[in-house]
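Participant: Take this structure, written in structure tokens, and hold onto it; I'll ask about it next.
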Amino acid sequence: MKKLLVVMLAACMVFALAACGGAADGGNKPAPAGSGSGSASAPAAGQTLKMASHNAVVEGNPYRVRYELDMQEAVADAANYGYNVSYNSFVANSDASTEQQQLQNSINEGFDIIVNNPVATTGLDPIIEQAQKAGIVYINADCAYMSTDVDILNVVTDQEYLGYKTGQYAGEVLGSGKKVVMIAALEGNQANTDRQRGFEKAIKEAGLEVVATGNHDWDTTKSQQTMAEILNSGVQFDGVLVSQCAENALAAFDAAGAKYPGFIGFGDTGAFMQKMLEVNKDGLVTPYIVLSNPPGVGATAFNFALNELAGKTLKDGVFAPGYEDTHQIWIASRVCYTDKDVAAGNLVEGKSIEEYANSFEAGDSITFWLSFQEVQDQYFN
Numbered sequence: 000m001k002k003l004l005v006v007m008l009a010a011c012m013v014f015a016l017a018a019c020g021g022a023a024d025g026g027n028k029p030a031p032a033g034s035g036s037g038s039a040s041a042p043a044a045g046q047t048l049k050m051a052s053h054n055a056v057v058e059g060n061p062y063r064v065r066y067e068l069d070m071q072e073a074v075a076d077a078a079n080y081g082y083n084v085s086y087n088s089f090v091a092n093s094d095a096s097t098e099q100q101q102l103q104n105s106i107n108e109g110f111d112i113i114v115n116n117p118v119a120t121t122g123l124d125p126i127i128e129q130a131q132k133a134g135i136v137y138i139n140a141d142c143a144y145m146s147t148d149v150d151i152l153n154v155v156t157d158q159e160y161l162g163y164k165t166g167q168y169a170g171e172v173l174g175s176g177k178k179v180v181m182i183a184a185l186e187g188n189q190a191n192t193d194r195q196r197g198f199e200k201a202i203k204e205a206g207l208e209v210v211a212t213g214n215h216d217w218d219t220t221k222s223q224q225t226m227a228e229i230l231n232s233g234v235q236f237d238g239v240l241v242s243q244c245a246e247n248a249l250a251a252f253d254a255a256g257a258k259y260p261g262f263i264g265f266g267d268t269g270a271f272m273q274k275m276l277e278v279n280k281d282g283l284v285t286p287y288i289v290l291s292n293p294p295g296v297g298a299t300a301f302n303f304a305l306n307e308l309a310g311k312t313l314k315d316g317v318f319a320p321g322y323e324d325t326h327q328i329w330i331a332s333r334v335c336y337t338d339k340d341v342a343a344g345n346l347v348e349g350k351s352i353e354e355y356a357n358s359f360e361a362g363d364s365i366t367f368w369l370s371f372q373e374v375q376d377q378y379f380n
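Its first residue numbered 0, the sequence shown is counted upward by one per residue in numbering that gives the first Met the number 0.
Here is the structure:
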């Protein structure tokens with residue numbers, strides 16, 4: 000079924016010009032939302048709505064493939080609430096001018112909802128304002144848009160937590176004064192900036208020393224290459240902090256025949272979870288941490304948009320403290336476990352960790368998304 004969904008995704012993108020789960024359970028399905036106090040007009044039951052998902056990159060990025068599949072699931076789930084939503088996907092391949100043209104096309108074609116994972120953190124103000132004047136609900140997902148000159152909602156995962164939790168656990172297992180490698184994601188990307196803020200805070204608190212740095216740009220091949228370059232440099236270190244793609248960084252140790260580090264994390268794929276179970280099956284070799292950076296954040300953002308379109312208004316106090324000016328809503332990570340949880344026989348999502356880890360295909364990421372009703376209950380009046 001997953002292979003079929005991937006094929007469907009690829010076809011959809013062609014026709015559209017191309018950061019402690021499973022998909023959230025919608026629970027009891029209510030009737031379609033009626034008119035609220037917001038400025039948008041509530042769509043009538045059964046009315047067809049057009050949703051455009053704009054992504055910086057998808058091809059070659061398992062996280063982004065899952066992001067779009069989760070979006071498709073959320074669009075289909077909207078039917079349970081009386082909404083008939085069509086879905087189109089547009090991919091800019093990290094090119095800002097392509098992104099602007101695709102967004103302009105979506106405005107011209109009369110889409111009702113635009114969910115955008117932006118290429119950059121600024122530069123789209125005129126496009127956003129044009130969309131809003133046309134009555135389109137425009138929301139950024141996953142990567143916050145940082146301009147304060149437009150009134151726009153950012154629905155993102157709490158990336159700072161992911162970096163902080165990883166660095167904190169590394170400090171716990173390694174101890175103060177130990178040397179670590181820091182492989183970040185994509186320089187200039189807001190999600191990476193937020194995550195690195197968490198890493199750096201934890202590194203300082205734990206008394207760790209960063210002796211080598213690099214970036215993998217969320218590219219699995221580059222993650223292995225970057226780790227290989229650090230190994231070949233001869234620098235001595237005790238642990239590896241890596242912003243996802245951890246299984247690929249570990250593959251560099253295998254290729255070099257090098258001793259595994261005293262810590263590695265974080266990762267969130269089936270491949271990483273399964274690899275760490277294998278590495279430690281006969282006794283602890285490498286402590287590690289698994290954290291969920293859910294690709295489903297885009298689907299959650301879609302359900303924010305659907306609630307806005309239904310005329311609902313946000314509750315007070317929903318924005319992340321300190322980020323009210325950019326209207327950021329931080330979705331909490333749900334899955335967090337370490338080698339200690341495995342040893343203790345703790346459960347994840349009601350399953351043993353072995354069962355949970357092996358339920359994933361190698362390239363799939365831990366994900367979840369909030370349904371229309373869950374978003375409404377948690378965030379809207």
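Where a beta carbon is used, it is the ideal one built from N, C-alpha and C, also for glycine.
In this text, all values refer to a predicted model and were calculated from it rather than measured experimentally.
Would you mind reading off the limits of the alpha helix (DSSP H) that contains Ala343?
Facilitator: Looking up residue 343 in the sequence shown gives position 344. Ala343 -> alpha helix (DSSP H) spans Asp338 to Ala343.
Participant: Whose CA, out of Lys280, Ala255, Asp218 and Thr165, lies closest to the CA of Phe262?
Facilitator: The residue you call residue 262 lines up with position 263 of the sequence shown. The option with the nearest alpha carbon to Phe262 is Thr165.
Participant: Give me the residue from Asn380, Asn107 and Met50 with the minimum Cα distance to Lys314.
Facilitator: Looking up residue 314 in the sequence shown gives position 315. Checking every option, the nearest Cα to that of Lys314 belongs to Asn380.
Participant: Determine the direct distance from the alpha carbon of Lys132 to that of Glu360, and round the result to whole angstroms.
Facilitator: Within the sequence shown, the letter at position 361 stands for residue 360. Within the sequence shown, the letter at position 133 stands for residue 132. Those two C-alpha atoms are separated by around 43 Å.
Participant: Assess, as a yes-or-no matter, whether the region 291 to 308 is touched by the region 140 to 155 under the definition of 3 or more beta carbon pairs within less than 8 Å.
Facilitator: Contact holds: three or more Cβ-Cβ distances are below 8 Å.
Participant: With which residues is Ser85 paired in a DSSP beta bridge?
Facilitator: Numbered from its first residue, the sequence shown carries residue 85 at position 86. Ser85 pairs with Lys49.
Participant: Output needed for Gln377: all residues of its chain with C-beta closer than 6 Å, excluding positions within five of it in sequence on either side, in chain order.
Facilitator: Here the question's residue 377 lines up with position 378 in the sequence shown. So no residue of the chain qualifies.
Participant: So, at 8 Å on beta carbons, what are the nonlocal neighbours of Ala319 in its own chain, with the 5 sequence-adjacent residues on each side left out?
Facilitator: Within the sequence shown, the letter at position 320 stands for residue 319. Cβ within range, chain order: Asp157, Gln327, Ile328 and Trp329.
Participant: Give the DSSP-derived three-state secondary structure of Asn279 in the structure shown.
Facilitator: If you number the sequence shown from 1, residue 279 lands on position 280. If DSSP states are grouped into helix, strand and coil, Asn279 belongs with coil.
Participant: Can you give the Cα-Cα distance for Val106 and Ile135, rounded to whole angstroms?
Facilitator: The count along the sequence shown starts at 1 and reaches residue 106 at position 107. The count along the sequence shown starts at 1 and reaches residue 135 at position 136. Looking at the sequence itself, residue 106 is Ile, so the reference to Val does not match. Taking the straight line joining both Cα atoms gives about 8 Å.
Participant: Could you spell out where the beta strand (DSSP E) holding Ala240 opens and where it closes?
Facilitator: Numbered from 1 along the sequence shown, position 241 holds the residue referred to as residue 240. What sits at residue 240 in the sequence shown is Leu, not Ala. Leu240 -> beta strand (DSSP E) spans Gly238 to Val241.
Participant: Using the Cα positions of Ala227 and Gly256, report the straight-line distance between them to the nearest angstrom.
Facilitator: For this step, residue 227 is matched to residue 228 along the sequence shown. For this step, residue 256 is matched to residue 257 along the sequence shown. One C-alpha to the other measures close to 11 Å.
Participant: If you draw a straight line from the C-alpha of Glu307 to the C-alpha of Asn231, how long is it?
Facilitator: For this step, residue 307 is matched to residue 308 along the sequence shown. For this step, residue 231 is matched to residue 232 along the sequence shown. Going by the C-alpha atoms only, they are around 52 Å apart.
Participant: Ignoring anything shorter than 3 residues or poking outside the region 66 to 127, list the beta strand (DSSP E) runs there in chain order.
Facilitator: Listed in chain order, they are 83 to 90 and 112 to 115.
Participant: Can you tell me the Cα-Cα spacing of Leu83 and Thr47, whole angstroms?
Facilitator: Here residue 83 corresponds to residue number 84 of the sequence shown, with the count starting at 1. Here residue 47 corresponds to residue number 48 of the sequence shown, with the count starting at 1. First, the amino acid is wrong: residue 83 is Asn here, not Leu. Cα to Cα, Asn83 sits roughly 5 Å from Thr47.
Participant: Using the rule of at least 16 other Cβ atoms within 10 Å of the residue's Cβ for burial, across every protein chain shown, is Leu102 buried or exposed?
Facilitator: On the sequence shown, residue 102 is found 103 positions in, with the first residue counted as 1. Buried, since its Cβ has 16 or more Cβ neighbours within 10 Å.
Participant: Are the beta-carbon atoms of Leu290 and Cys335 separated by less than 8 Å?
Facilitator: Taking the first residue of the sequence shown as 1, we reach residue 290 at position 291. Taking the first residue of the sequence shown as 1, we reach residue 335 at position 336. Against a cut-off of 8 Å, the Cβ pair of Cys335 and Leu290 comes out as a contact.
Participant: Using DSSP with H/G/I as helix, E/B as strand and the rest coil, what is Ile263?
Facilitator: Sequence index remark: in the sequence shown, residue 263 carries index 264 (1-based). In the structure shown, Ile263 sits in a strand (DSSP, three-state: E or B).
Participant: Hey, could you find the ends of the alpha helix (DSSP H) Tyr168 is sitting in?
Facilitator: Locating residue 168 in the sequence shown gives position 169, where the first residue counts as 1. It spans Gln158 to Leu173 - the alpha helix (DSSP H) in which Tyr168 sits, taken as one unbroken run.
Participant: Taking the alpha helix (DSSP H) that Thr220 belongs to, which residues open and close that run?
Facilitator: Counting from 1 along the sequence shown, the entry for residue 220 is found at position 221. From DSSP, the alpha helix (DSSP H) with Thr220 extends over Thr219 to Ser232.
Participant: Looking at the secondary structure, which residues open and close the alpha helix (DSSP H) in which Thr192 lies?
Facilitator: Here residue 192 refers to the residue found at position 193 of the sequence shown. From DSSP, the alpha helix (DSSP H) with Thr192 extends over Gln189 to Ala205.
Participant: Whose CA, out of Gln100, Gln372 and Thr285, lies closest to the CA of Asn92?
Facilitator: Stepping through the sequence shown from its first residue, residue 92 is reached at position 93. Answer by Cα proximity: Gln100.
Participant: Taking all protein chains shown into account, decide if Lys203 is buried (16 or more other Cβ within 10 angstroms of its Cβ) or exposed.
Facilitator: Against the sequence shown, residue 203 aligns to sequence position 204. Result: exposed.
Participant: State yes or no: is the C-beta of Val210 within less than 8 Å of the C-beta of Phe236?
Facilitator: Here residue 210 refers to the residue found at position 211 of the sequence shown. Here residue 236 refers to the residue found at position 237 of the sequence shown. Result yes, Cβ atoms of Val210 and Phe236 sit closer than 8 Å.
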